[in-house]
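A.B. asks:
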Amino acid sequence: MLNEDLLRRAMRDADVPDAPAHYHPSIGSTNATAMELAFEGAPEWTLVAAGHQTSGRGRLGRSWISEPGSSLLFSFVLRPRMEPERAPLLALLAGVAMADACREAGKLVRCKWPNDLLLEEAKVGGILTEASVSQGKVGPVVVGVGMNLGAPPNDVAGAGGLGGVDDATLLTAFLADFREQYQVRDRTMPADVLRRYRPLCTTLGRTVRARTISGDEVEGVAEDLDVSGNLLVRSEGAPVTVSFGEVEHLSQAPHEDP
């Protein structure tokens, strides 16, 4: 089980810049706490982890439900200098970093656009990024990650668990991978993130039904991602950009795991 000493060791081993690390046996939400710290002036890479969340948060206002003591739950603060339209790339980068960390542990995890992590077809984890945008500029960003290490809650349909993975090892591998690719001043970063994400994305090539945040529904083949990480769905012969919303896979994956 994690503690603050293990968090600090993971950060050192991952060569993450020195920043505070906070561990809570139980907390409402690591994302909410990290965002509070961010607005209080916490530096980039401030890390908040928990053994259990009582009010875990997912995308689109959903809850993230986890079994006490059987998950890796953490959030960290970023202060990127980037255009607001490129901020979604941070969620894709987190997905790549966690998928690769899982693969180092022998688990063939892939990404479902935009924020789910799948082992075969079972959801074993998710990413939640929350950003503050003011006057067209990105303020503090919090990246939250939740991974089911043990058996998932019985009442959560489609959930799975990694099994046999050490939480501190997984966290260290994730932080090291994310840190290496987090180069917001490098103009090649968006292309580099997308280059790594595409072969890991189990959504591409499938027939999908996408519901946007405005409530519009689009059905078609998920063809590609644009430069900001939005999903391009070909529907009735024309590409439709899905920038944020819900995606349902309607067909099986067209290719094997890379």
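Take my numbering: the last position of the sequence shown gets the number 845, and nothing is skipped along the way. The beta carbon of each residue, even a glycine, is placed where N, CA and C say it ideally should be. Quick caveat: nothing in here was measured; it's all calculated off a predicted structure.
#1: Inspect the beta-carbon positions of T617 and A636 and report whether they are closer than 8 angstroms.
#2: May I have a chain-ordered list of the alpha helix (DSSP H) segments no shorter than 4 residues that lie completely inside the stretch 754–834?
#3: Give me, in chain order, the residues of the same chain whose beta-carbon lies closer than 6 angstroms to that of A825; leave out the 5 immediate sequence neighbours on both sides.
#4: Assign R668 to one of two classes, buried (16 or more other C-beta atoms within 10 Å of its C-beta) or exposed (fewer than that).
#5: Check whether the stretch 724–738 touches the stretch 670–686, counting contact only when three or more Cβ pairs, one atom from each stretch, lie closer than 8 angstroms.
#6: Would you kindly report the start and end of the unbroken beta strand (DSSP E) that includes R673?
#7: Nearest to V805 by CA position, among L787, L837, L781, is which residue?
#8: Please report the distance separating the alpha-carbon of N817 from that of F831.
#9: Can you tell me the Cβ-Cβ gap for E823 and R798, rounded? I've got them flagged as a contact below 8 angstroms.
#10: Would you mind listing the beta strand (DSSP E) stretches within the stretch 692–751 that are 3+ residues and don't spill past its ends, in chain order?
#11: Per the DSSP calculation, S662 is bridged to which residue(s)?
C.D. replies: Answer, in terms of the structure:
#1: With contacts defined as CB atoms closer than 8 angstroms, T617 and A636 qualify as a contacting pair.
#2: Segments of the alpha helix (DSSP H) lying fully in the stretch 754–834: 754–768, 776–784.
#3: Taken in chain order, the list of residues that qualify is empty.
#4: Exposed is the call here.
#5: Yes, the stretch 724–738 touches the stretch 670–686.
#6: Careful: R673 lies outside any beta strand (DSSP E) and carries neither H nor E.
#7: Here the closest residue by C-alpha is L837.
#8: As the crow flies, the alpha-carbon of N817 is around 8 angstroms from that of F831.
#9: Actually they are not in contact, since the Cβ atoms of E823 and R798 sit about 17 angstroms apart, beyond 8 angstroms.
#10: Listed in chain order, the complete beta strand (DSSP E) runs (minimum 3 residues) inside the stretch 692–751 are 696–699, 703–706, 709–721, 724–735.
#11: Paired residue(s): V635, G731.
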